[in-house]
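In order, the protein sequences belong to chains A and B. Whatever position you read off the first sequence (first residue = 1), add 5 for our numbering. Whatever position you read off the second sequence (first residue = 1), add 5 for our numbering. Each remark here refers to the structure printed beneath this line.
There are 2 protein chains.
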Amino acid sequence: MAIHNVMEDVIRDVLLTNKDQLHLTCSCERCLNDIMAIALNNSPARYIVEEKYSPYVRANHEADRQGATNILSTVAKAAAIVSNDPRCPQTTEKIE
Amino acid sequence: MAIHNVMEDVIRDVLLTNKDQLHLTCSCERCLNDIMAIALNNSPARYIVEEKYSPYVRANHEADRQGATNILSTVAKAAAIVSNDPRCPQTTEKIE
């Protein structure tokens, strides 16, 4: 079944655009995935059935100033959670 | 980035298991996708980073009686919405 959560694209954009301002202790793929998962679990889902509608839903999000601010704050909180307790092999090896 | 919303699997299972009791006017792939998207947009997301955790999150959902009931009612509501206003080509052609 070809369904897709447009919030994955919206949150990935916000994360990658603001990555350098988020003071991440680690920006490996695992840590970025963990941040994405936590942010998505704290955001409303926006599933669509036809890929061709993705740009409209995304544009809708980007145009909504308050919505964009909420997403950035959700991503920043997720980044802080992961930075405080990274699960990736590199960081856990350093800690042991 | 390899993240996955386990609710997609949970809702797909509930939809396919109960498909015959949902009185669908059409059960083509497009209509089932539309039901999935509406149900997922009305359910909390459960993203995980590592596929190997999927069975635990799914089992957690299936064991939670109230959670399972909520999901079934969300799927039934989505099924009613799509059955009242199907968007798939087969049904829209019949209506024209």
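For each residue, glycine too, the CB sits at the ideal point set by N, CA and C.
Quick check: the Cα distance between B:Lys24 and A:Val54, rounded to an integer number of angstroms? Looking at the two C-alpha atoms, the distance is approximately 19 angstroms.
Pull up the distance between the alpha-carbon of A:Leu37 and that of A:Glu56, whole angstroms please. Straight across, the Cα-Cα distance linking A:Leu37 with A:Glu56 is about 24 angstroms.
Could you give the distance in angstroms between the alpha-carbon of A:Cys33 and the alpha-carbon of A:Cys93? Spanning the alpha carbons of A:Cys33 and A:Cys93 requires a straight line of approximately 8 angstroms.
For B:His9, the residue or residues it bridges with in DSSP: B:Ile53, per the DSSP bridge assignment.
Indicate the three-state DSSP secondary structure (helix, strand or coil) for A:Cys93 in the structure shown. The answer is coil: DSSP assigns A:Cys93 none of H, G, I, E or B.
Minimum C-alpha distance to A:Met41 - residue among A:Met12, A:Tyr61 and A:Gly72: For the residues A:Met12, A:Tyr61 and A:Gly72, the minimum Cα distance to A:Met41 belongs to A:Met12.
Classify B:Arg51: buried if its beta carbon has 16 or more other beta carbons within 10 angstroms, exposed otherwise. B:Arg51 counts as buried, since no fewer than 16 other beta carbons sit within 10 angstroms of its beta carbon.
Rounded to the nearest angstrom, what separates A:Tyr58 and A:Ala7 at their Cα positions? Taking the straight line joining both Cα atoms gives about 13 angstroms.
Which residue wins for smallest C-alpha separation from B:Asn47, given the options B:His28, B:Asp14 and B:Asn75? It is B:Asn75.
Minimum C-alpha distance to B:His10 - residue among A:Ile43, A:Thr22, A:Gln71 and A:Tyr61: Note that residue 10 of chain B is Asn in the sequence shown, not His. Taking the Cα of B:Asn10 as reference, the smallest distance to any Cα among A:Ile43, A:Thr22, A:Gln71 and A:Tyr61 is reached at A:Ile43.
Taking C-beta to C-beta, are A:Leu21 and A:Ala84 nearer than 8 angstroms? A:Leu21 is not a Cβ neighbour of A:Ala84, given a cutoff of 8 angstroms.
Would you say B:Val54 reaches chain A, if we count a Cβ-Cβ gap shorter than 8 angstroms as a contact? Judged by the 8 angstroms Cβ criterion, B:Val54 is in contact with chain A.
C-beta neighbour in chain B for A:Asp18, strict 8 angstroms: The Cβ of A:Asp18 sits no closer than 8 angstroms to any Cβ of chain B.
Anything in the segment 60-83 of chain B with a Cβ closer than 9 angstroms to a Cβ of chain A? List those residues in chain order, please. Residues: none.
Am I right that A:Asp14 and A:Arg63 are in contact with their C-beta atoms under 8 angstroms? What's the rounded C-beta distance? Here A:Asp14 really is in contact with A:Arg63; their C-beta atoms are around 6 angstroms apart, less than 8 angstroms.
Beta-carbon proximity check, B:Ala81 vs B:Leu27, cutoff 8 angstroms: A contact, by the Cβ cut-off of 8 angstroms.
Is A:Ala7 close to chain B, meaning its C-beta is less than 8 angstroms from at least one C-beta of that chain? Contacts with chain B at 8 angstroms (Cβ-Cβ) include A:Ala7.
My output table needs one value for A:Arg69: the three-state DSSP class, helix, strand or coil. First, the amino acid is wrong: residue 69 of chain A is Asp here, not Arg. Correct three-state label for A:Asp69: coil.
Closer than 8 angstroms to chain B by CB, A:Ala50: Chain B, which has a Cβ nearer than 8 angstroms to the Cβ of A:Ala50, makes this yes.
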